[in-house]
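Colleague: Each residue of the sequence shown is one higher than the one before, starting from 7 at the first, in our numbering.
We put the CB at the ideal spot given by N, CA and C, even for glycine.
My questions will all concern the structure given below.
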Amino acid sequence: MLKIGYMNLDDPVAIISPNGSRNLGSFNGSAGLIMLGRFNLDEVTPSEIKMAMDQRRTRSALGFSTVGGKLEDLTETAKMAAQEGRLMEVELPLTDGTADLVKAIKNSGATLSVRVKPDAVEDLRSLARELKEAGADLLHLDLRGLGPMAPKIVKKISDGGAPPLMIRCDVGDFQDARNILSMGADMISLSDDADPEFVAWLTETLKKFHDLVGWYNAPKHICSGGDLRGMAFCCPPVKNCPLLGALKKVGISPEEFVDRKLALTRGTPLEPGDGTCFGSLAWCCKITKPCFMRDAVLDRHGIAPDEYMRLKKKLSEDLLKA
Ligand code: SF4
Ligand code: SF4
């Protein structure tokens with residue numbers, strides 16, 4: 007369902023187990039990822055971390071969290087993570103040298119998550135961009151206790167250009183998870199105190215949603231407050247609407263947007279659209295918005311709803327990359 011570096015995850019939920027004290031087996035592989043520890047690299051060696059990981063019997067992908075250590079400790083640990091196919095997470099001192107440290111760890115081959123405490127950072131957007139450019143595979147942010155502010159922060163960071171985001175947040179039901187994921191988060195992380203039955207239910211529901219809709223963290227339309235990925239569902243900019251603000255953020259003109267969308271969908275299953283508002287599926291809305299005109303085109307061309315959304319996902323990635 008989700009690929010982060012060399013990690014293939016069954017679902018976008020991570021369980022964070024700081025002390026490894028709980029019987030993680032009770033999650034029975036329902037979480038996509040289990041993160042162990044906060045291993046202090048000034049005190050433990052890579053082989054001790056490896057041993058702690060090897061003792062865990064779980065069907066979930068495994069990772070570990072670290073703190074401290076000198077550059078040499080970090081790169082040795084990263085080599086072990088790469089060899090074992092584990093996710094390595096670091097909490098780095100946020101100084102001018104952060105990007106260089108990330109690059110050095112990445113050069114050792116590990117799939118790397120960087121954990122950041124948002125209140126310790128003045129400009130989270132810039133830091134996220136810097137980490138992305140340095141090659142971090144994941145940015146792990148703790149947004150617990152922020153209520154409705156949390157999705158807004160996710161959108162701001164995601165729109166500014168960030169590595170895939172793993173968000174620690176308060177999730178009590180499916181909608182809480184969707185509120186974070188639909189704003190640009192790729193994963194959510196929960197404490198190992200979470201009820202295993204709830205985690206199993208949540209991950210199953212997210213997987214079913216993904217199978218049905220084809221894009222588990224699909225954005226909202228831009229005019230419904232969605233992040234920049236929502237441009238994939240936008241109409242041509244023919245009126246004054248929030249798309250104009252979104253285009254300003256990505257630094258392209260309305261004309262360039264039209265050209266880019268047409269070029270990216272030409273010759274693809276999103277090109278046709280006889281009978282739709284703008285003559286091509288390129289401009290059509292999200293599948294969750296009922297529309298018999300779009301659905302008639304999808305039927306005519308044998309495009310399943312989840313396939314339509316996968317094509318829109320690719321379009322959103324290409325639009326933001328171009
Ligand atoms: S272009 Fe259409 S979908 Fe996009 S923000 Fe404007 S009205 Fe909404
Ligand atoms: S045809 Fe339907 S899906 Fe396409 S743009 Fe118009 S309202 Fe949206």
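Say yes only if the C-beta of K6 is nearer than 7 Å to one or more non-hydrogen atoms of ligand 2, and no if none qualify.
Modeller: Within the shown structure, residues of the chain are numbered from 7 to 328, placing residue 6 beyond reach of any answer.
Colleague: With a cut-off of 8 Å on the beta carbons, I'd call A84 and I55 a contact; round off their distance for me.
Modeller: Here residue 84 corresponds to residue number 78 of the sequence shown, with the count starting at 1. Here residue 55 corresponds to residue number 49 of the sequence shown, with the count starting at 1. The Cβ separation is near 11 Å, so there is no contact.
Colleague: Contact between the region 226-234 and the region 33-44: three or more CB pairs below 8 Å?
Modeller: Taking 8 Å as the limit for Cβ pairs, the verdict is that the region 33-44 does not touch the region 226-234.
Colleague: Give me the DSSP bridge partner(s) of F298.
Modeller: What you label residue 298 is simply residue 292 of the sequence shown in a count that begins at 1. Answer is none; F298 lacks a bridge partner.
Colleague: Quick check on DSSP: helix, strand or coil for S259?
Modeller: Here the question's residue 259 lines up with position 253 in the sequence shown. Note: S259 maps to coil in three-state DSSP.
Colleague: Express the C-alpha separation of N14 and I194 in angstroms, rounding to a whole number.
Modeller: Translated into positions along the sequence shown, residue 194 becomes position 188. Translated into positions along the sequence shown, residue 14 becomes position 8. In a straight line, the C-alpha of I194 is about 15 Å away from that of N14.
Colleague: Taking the C-alpha atoms as reference points, what is the distance between K109 and L325?
Modeller: As a position in the sequence shown, residue 109 is number 103, starting the count at 1. As a position in the sequence shown, residue 325 is number 319, starting the count at 1. One C-alpha to the other measures close to 27 Å.
Colleague: Would you check if there are 3 or more beta carbon pairs closer than 8 Å linking the region 192-208 to the region 270-285?
Modeller: Contact between the region 192-208 and the region 270-285 is absent, because fewer than three Cβ pairs lie under 8 Å.
Colleague: Any idea what DSSP makes of T81, helix, strand or coil?
Modeller: On the sequence shown, residue 81 is found 75 positions in, with the first residue counted as 1. It is helical.
Colleague: Helix, strand or coil for I228? Go by DSSP, reduced to three states.
Modeller: In the sequence shown, the residue the question calls residue 228 occupies position 222. Correct three-state label for I228: helix.
Colleague: When the Cα of D48 is compared with those of T72, L68, G232, L144, which residue comes out closest?
Modeller: Start at 1 with the first residue of the sequence shown, and residue 48 comes out as number 42. Residue T72 is the option with its Cα nearest to D48.
Colleague: Measuring CB to CB, does S132 end up less than 8 Å from M172?
Modeller: Start at 1 with the first residue of the sequence shown, and residue 132 comes out as number 126. Start at 1 with the first residue of the sequence shown, and residue 172 comes out as number 166. Contact flag unset, no.
Colleague: Helix, strand or coil: which one does DSSP assign to R62?
Modeller: Numbered from 1 along the sequence shown, position 56 holds the residue referred to as residue 62. Coil.
Colleague: Identify every run of the beta strand (DSSP E) within the region 110-180, keeping only runs that are complete inside it and at least 3 residues long; order them along the chain.
Modeller: Correct list: 117-122, 144-148, 171-174.
Colleague: Give me the residue from H216, D143, S23 with the minimum Cα distance to D312.
Modeller: Position 306 of the sequence shown holds residue 312. Of the candidates H216, D143, S23, the one whose C-alpha sits nearest the C-alpha of D312 is H216.
Colleague: Have a look at K158, L208, M189 and flag the residue whose alpha-carbon is nearest the alpha-carbon of G178.
Modeller: Along the sequence shown, one-based indexing puts residue 178 at 172. It is L208.
Colleague: With distances taken from each beta carbon to the nearest heavy atom of ligand 3, which residues come in below 5 Å, in chain order?
Modeller: The model depicted lacks ligand 3 and carries ligand 1 and ligand 2 instead.
Colleague: May I ask you to check if the CB of W221 is nearer than 7 Å to at least one heavy atom of ligand 2?
Modeller: Residue mapping note: residue 221 aligns to position 215 of the sequence shown, counting from 1. No; taking the cut-off as 7 Å, the Cβ of W221 has no heavy atom of ligand 2 nearer than that.
Colleague: Determine the extent of the beta strand (DSSP E) in which L326 is found, giving its start and end residues.
Modeller: Position 320 of the sequence shown, counting from 1, holds the residue named residue 326. Where L326 is concerned, there is no enclosing beta strand (DSSP E), although the alpha helix (DSSP H) it sits in stretches over 311-327.
Colleague: By Cβ distance below 8 Å, which residues in the same chain neighbour C291 in space, the five residues on each side in sequence not counted?
Modeller: To locate residue 291, count along the sequence shown from 1; it is residue 285. Contacts found: H227, F239, C297, R300.
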